[in-house]
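Residue numbers (full-length UniProt numbering): 1 to 433. Glycine included, each C-beta is placed from N, C-alpha and C at the ideal position. A quick note: this is a predicted structure, and the numbers were derived from the prediction, not measured.
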């Protein structure tokens, strides 16, 4: 089923078209940096406006639908689909303009991710997570950015941030060894961002992210799951790989919203805290997936007869489930947009978003999947026994949302407790804000 609600206007049921609502998400591209482009790279597209970006996203949705089953079988996104997303520039929405990127408003980026996720959560997951790593690279030294994008501005990055590796300082850089799980899109990546413990300055080791080329990485075929099957989130490993000193980013730099890349990428976009982008990239696929599930439920209900002949269309329980799902989707999307608007307002004024606000934003981001899971299970139950069919998309979306719920970044109970401790005026040490 093609999710044709993304073709513009309101869907037939009159429900809000999320995330392509009347208010176009984002205020367009960020202000010019005033710096010369690094290379003669063409921009991702002639039209970098939110409308142009979302139009290109809608044009991809039939292909997303057609290749959905193939992605499930292969346990990775088909190469043809990755190529199409690259050609549309959707992996480069957060890439600096210096390399031909769109440097767009985060709300537009996440609207694209949600739209793709409505067709296939695995596809939206990959576009969002890999696109977010491009944002991360923009915070590293200019030399590291050149290493990746100077020769190929369309290069893709995958990641596994957990500190599963060990890095030893050597002249000129580090020696990195380790094995990491859950590297989404690994098969399609040209570079990797991998976490390790390393001694940078001071006495003890700290969590550091290292930038590693594909040639130094081994991909292990480990991803075989009940949900998000098409993400190809395999294990990857590095054995005694050399990483130059400029290809790393420390936890403290992330917490301070810092990074030497901000010396050359001056747009307010790059003053948004990295963890805020990360948590949204991990939770937003559930928003899109649930929206696609709601539309599928309505279409399914039109064809299904109920025990008294009326079917779910006149079933008050089904009507309430749909109404509450639509309302919560709208509220969660408004919250996402508003939070990034406020963070950008702070950035434009040369200020960091206050720590209590960032705690609140993180709880709001990490609770998304929990809420979507509850609403999805309610729709699944209301759909009756026919929802058990493999041909019915409702079960697959439920499984995808469950898989997303398992990610460490979506454990909202942890982050809710942190916010609660702060409200009790307890000392909270947290570098993921």
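- Taking a contact to require three or more Cβ pairs closer than 8 Å, the stretch 57-68 and the stretch 94-101 do not qualify as touching.
- From the listed residues 266, 134, 199 and 353, the smallest Cα separation to residue 278 is found for 134.
- Of the residues assessed, residue 77 falls on the buried side of the cut-off, its CB having 16 or more other CB atoms within 10 angstroms.
- Taking one beta carbon from each stretch, the stretch 409-422 and the stretch 335-342 have fewer than 3 pairs nearer than 8 Å; the two do not touch.
- Where residue 275 is concerned, the enclosing alpha helix (DSSP H) starts and stops at 274-303.
- For residue 160, the enclosing beta strand (DSSP E) begins and ends at 157-170.
- Take residue 284, set aside five residues on each side of it, and the residues of its chain with a beta-carbon closer than 8 Å to its own are 110, 113, 114, 117, 124, 128, 336 and 368, in chain order.
- Between residue 183 and residue 234, the C-beta spacing is below 8 Å.
- As the crow flies, the alpha-carbon of residue 107 is around 42 Å from that of residue 171.
- The continuous stretches of alpha helix (DSSP H) do not include residue 190, and DSSP gives it neither H nor E.
- With contacts defined as CB atoms closer than 8 Å, residue 361 and residue 276 qualify as a contacting pair.
- Here the C-alpha atom of residue 425 lies approximately 11 Å from the C-alpha atom of residue 356.
- The C-beta distance from residue 193 to residue 209 rounds to 5 Å, short enough to fall under 8 Å.
- Less than 8 Å divides the Cβ of residue 187 from the Cβ of residue 232.
- Within the same chain, and ignoring the five residues on either side of residue 246 in sequence, the residues whose Cβ sits closer than 6 Å to its Cβ are 141, 143 and 144.
- As for any alpha helix (DSSP H) of minimum length 4 sitting wholly inside the stretch 80-146, the runs are 106-119 and 121-137, ordered along the chain.
- When DSSP reads this structure, residue 194 sits in a beta bridge with 160 and 210.
- The three-state reading of DSSP puts residue 384 in coil, since its state is none of H, G, I, E or B.
- Residue environment analysis places residue 303 among the exposed positions, since fewer than 16 neighbouring C-beta atoms fall within 10 angstroms of its C-beta.
- Note that the C-beta distance between residue 156 and residue 189 is below 8 Å.
- Leaving aside the five residues that flank residue 329 on each side, the residues in its chain whose CB is nearer than 7 Å to its CB run, in chain order, 18, 287, 290 and 291.
- The DSSP-derived three-state label of residue 180 is strand.
- In the displayed model, residue 236 falls within a strand according to three-state DSSP.
- If you draw a straight line from the Cα of residue 321 to the Cα of residue 301, it comes to about 12 Å.
- Residue range 316-348 is occupied by the alpha helix (DSSP H) that includes residue 346, with no beta strand (DSSP E) assigned at that position.
- Contact between the stretch 264-274 and the stretch 341-351 is present: three or more C-beta pairs spanning the two stretches fall below 8 Å.
- Between residue 398 and the set 120, 70, 167 and 55, the nearest pair of CA atoms involves 120.
- As computed with DSSP, residue 248 is found in a beta bridge with 210.
- The three-state reading of DSSP puts residue 227 in coil, since its state is none of H, G, I, E or B.
- In the three-state reduction of the DSSP assignment, residue 351 falls in the coil class, being assigned neither a helical nor a strand state.
- DSSP lists no beta-bridge partner residue for residue 64.
- Under the three-state reduction of DSSP, residue 204 is assigned to coil, being neither helix nor strand.
- It is roughly 7 Å from the alpha-carbon of residue 401 to the alpha-carbon of residue 372.
- Pairing residue 241 with residue 251, the inter-Cα distance amounts to about 21 Å.
- Contact annotation: residue 230 and residue 405 have beta-carbon atoms that are not nearer than 8 Å.
- Contact between residue 407 and residue 226 is ruled out by a C-beta separation of about 14 Å, above the 8 Å threshold.
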